[in-house]
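Residue numbers (our numbering), protein chains in the order written: chain G, 18 to 593; chain S, 3 to 356. Every residue, glycine too, gets a C-beta built ideally from N, C-alpha and C. As the structure is a prediction and not an experimental result, all values here were calculated from the model.
Right, dumping it as structure tokens:
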């Protein structure tokens, strides 16, 4: 019998993810992706005031801490046709863009880098050569031999102390690590710098939202009134000082992304070209679109367009309709839920239902029953097809719809690495797409900021539309969808409002698309498809699994959700 | 074999000067409301210690509490991780995965038996199959790891009081750490997420003083949760004068008037947001125009609507506060008095509930 390799917990992600890989010799024959924790947030928002639902659903995730809040307010605004002022749209764009930059940089250095960077390998580096390497690839201020010698000395002291802490039991010395010692040292130095950097740039959310993580938002605009004439003692954080702080943070983001993150990605990718040839996934890509220039209601004005790419065919974009019942559906054939219409049915999110139906092994367990149900994630499909969402999907969409900046970024990067476009359909392609997307977005921030300041100068300080704040002005029944492009991909929140209360709520999130289990036709999800065929050098140290799973940037608390429109608590537990 | 390296030796080897170290100690001391003269003693205590082992358990959580930890300015996350504690198990940050990660946990527990700190984020579902790690239910992991712990620190409202998974109708039968662990000292650092300084401050106090901080009746450190946000709010004078924002961008909102009528829960919330502020002092929710949602209080998700004034929710004396507000009375002193009384009643409500 062939072996089963189990990785649980998958660490350096958000949430609780388990991968089981059925081996055939040294290769993964079939991979199974399982979300192992559920909270039931969508059940919790039933019956509550739709204006406050954003605060609940924001707690779906504290990493992409903004995005579920944004999708939550947009869902209500879409249902009520509630327009928000241009300043509020610009502020939201700034906050979403800042979330991309913060998330993607932290993902690269703190969640993904150690799959490619051998921490202990950095101890063998020559700081002088590391300095030469750093100077050859970027314009970052910190590239002196002294800087690298200092980082190395600190690392040495730390390692010799014998307490490795978060670095204990890493796969250090694994032959899959290919970087020269100097590149390892450079990456370790930037790991530390990025820790300090992220703390500073998170301040942008605090200006507009009062704090980060979990900044505040509101239906109808933004709650942060613009305060121009206040002294320091009153007014709001969004005053001239706050605006200047935002400008400074944008600069700080641009510097780090262009001077450190982009060159590091290209440098590291250059040593792992074989990872541009594996880890593709399903070959279908979907975006919902985001960053409105003329309001949420005008998708043509979005910077990132919506659409579907099938089978890598970049010559044709299928439209995607989030309201069409036959397009986006969720299935539960291999998930621990029941549908009234049976396990093989698919439901559009407006009709979404979820009833816990745990059929897995009683914990503690060694192995899941992958032939039957094996995840708390449902299985979303577009017209029955699995879709990859996220930075790679967006960069392909931008690339193929003629976004000049995206095209230049992608082409020049591929040229630098001497790779064809097809190399994007891979583990490293996904990681590189995330970096290039960050380079694109970080430059857009400046434009949104300039427009906001121009509006304020022209006397427009409106940030909130009061017109539909009072639920008595609402129709008795309404439904809407809040769509966005979260850092991890296409995100939709569907709400049904009845008599001023939340009658149904459903979130279909990026990691559900990417990490969901097989469907009723046994089609794999993107994680599962991407892992199949990977050769494991050492099943005890399955670094190859981590590389590909991390390339998707899993966010599993996001991905697991449950709703029960009738408010029933039907719990049919069959413990096997 | 060489003797165990000390923290002082380690800091020295990493180029942290004694002066910088003392500065950290005096910052911590002042935050913890300790006498300033204690800093050298703290420095001494810290410098002679092996980095204490910290084991972080993540259950039904959103990782916002970990994100908050990384936003800490004093000490910084880099300092905390590499100089002050040994974070031996932490899913979001640790390099090892799968069996290697679980082995790191067991090794840390074994090597530091009876001495390690357990930090918990996320609630624990009593429907045990609703959340597992490495095939073990969260409840089993919690009991296993806490058995040999020195103390438990709950990071965030979910592990402290059940938080959002416990909000009605509590679909997974989620509970707080304290509902399961009864035989260990427990400190609650609530918030959704908690203030970064409250997280690192409690850890620093434990490291320096060798004991847990003074707690209030809800198990929270008095140093960070002893004051009412409304009492410390820079908008308080407007409340006292009866000047209220009526919408999110009327003239009052722009002038920083009181957000009471927009549902601000500061009068019933105890936390350091108003005076310490968030993200290196940039702002806090009220300063950016949105009312406090009371996230450091037990069951805050079910106490009343986010946009309902405290007078309308299940807040006890809120009604009296509201009457004072609507009348525009210069009710400062009495509001503060009521708010203080309120604190006790919320606790009683919390304990009496369910």
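- Contact between the region 407-418 of chain G and the region 267-278 of chain G is absent: fewer than three C-beta pairs spanning the two stretches fall below 8 Å.
- In the three-state reduction of the DSSP assignment, residue 140 of chain S falls in the helix class, which pools H, G and I.
- For residue 59 of chain S, the uninterrupted beta strand (DSSP E) run begins and ends at 55-60, by DSSP.
- Within 8 Å of the CB of residue 377 of chain G, the CB atoms of chain S belong to 131, in sequence order along the chain.
- Between residue 250 of chain S and chain G, the shortest Cβ-Cβ separation is below 8 Å.
- Exclusion of the five residues before and after residue 297 of chain S leaves 159, 193, 194 as the residues of its chain whose Cβ lies within less than 7 Å of its Cβ.
- One finds nothing in chain S with a Cβ atom closer than 9 Å to the Cβ of residue 87 of chain G; even the nearest lies about 14 Å away.
- In the three-state reduction of the DSSP assignment, residue 282 of chain S falls in the coil class.
- When CB distances to chain G are screened at a threshold of 8 Å, the residues of the region 81-94 of chain S falling below it are 83, 84, 87, 88, 89, 90, 92, 93, 94, in chain order.
- Against chain G, a Cβ distance below 9 Å from residue 243 of chain S picks out nothing, because the smallest value is about 12 Å.
- For residue 78 of chain S, a Cβ of chain G is located within less than 8 Å of the residue's own Cβ.
- For residue 568 of chain G, no beta strand (DSSP E) run applies; the uninterrupted alpha helix (DSSP H) run containing it begins and ends at 560-568, by DSSP.
- For chain S, the residues of the region 479-495 of chain G that bring a beta carbon within less than 8 Å of one of its beta carbons are 479, 480, 481, 483, 486, in chain order.
- Around the CB of residue 425 of chain G, fewer than 16 other CB atoms lie within 10 Å, so the residue is classed as exposed.
- Partner residues in a beta bridge of residue 68 of chain S, as assigned by DSSP, do not exist.
- Chain-ordered, the chain S residues with CB closer than 7 Å to the CB of residue 382 of chain G read 137.
- Beta-bridge partners of residue 496 of chain G (DSSP): G:513.
- By the Cβ neighbour-count rule, residue 105 of chain S is exposed, with fewer than 16 other Cβ atoms within 10 Å of its own.
- Under the 8 Å criterion on CB atoms, residue 129 of chain G is classed as non-interfacial with respect to chain S.
- The way I'd put it, the region 53-62 of chain S does touch the region 109-128 of chain S; three or more beta-carbon pairs between them come closer than 8 Å.
- Against residue 75 of chain S, the close residues of chain G are 216, in the order they occur along the chain (beta-carbon pairs closer than 8 Å).
- Nearest to residue 262 of chain S by alpha-carbon distance, out of S:277, S:154, S:239, is S:239.
- In this structure, the CA atom of residue 284 of chain G is about 8 Å from the CA atom of residue 154 of chain G.
- Apart from sequence neighbours up to five positions away, the residues of its chain that approach residue 315 of chain S with a beta-carbon distance below 6 Å are 305, 306, ordered along the chain.
- Not a single CB atom of chain S sits nearer than 8 Å to the CB of residue 108 of chain G.
- Contact between the region 115-123 of chain G and the region 446-460 of chain G is present: 3 or more CB-CB pairs across the two stretches fall below 8 Å.
- Note: residue 157 of chain S is bridge-paired with S:191 in the DSSP secondary-structure output.
- In this structure, the straight-line span from the alpha carbon of residue 400 of chain G to that of residue 185 of chain G is close to 45 Å.
- For the set S:282, S:295, S:256, the Cα lying nearest the Cα of residue 271 of chain S is the one of S:295.
- Taking all protein chains in view, the Cβ of residue 332 of chain G is surrounded by fewer than 16 other Cβ atoms within 10 Å, so the residue is classified as exposed.
- Among the bridge pairs identified by DSSP, residue 304 of chain G is matched with G:324.
- Residue-level contact by beta carbon fails for residue 261 of chain G and chain S, as no gap is shorter than 8 Å.
- Shortest Cα-Cα distance from residue 312 of chain G to any of G:568, G:94, G:56, G:34 involves G:94.
- As DSSP reads the structure, residue 23 of chain G sits in a beta bridge with G:37.
- Residue environment analysis places residue 413 of chain G among the buried positions, since at least 16 neighbouring C-beta atoms fall within 10 angstroms of its C-beta.
- Comparing alpha carbon positions, the residue from G:163, G:97, G:28 closest to residue 107 of chain S is G:28.
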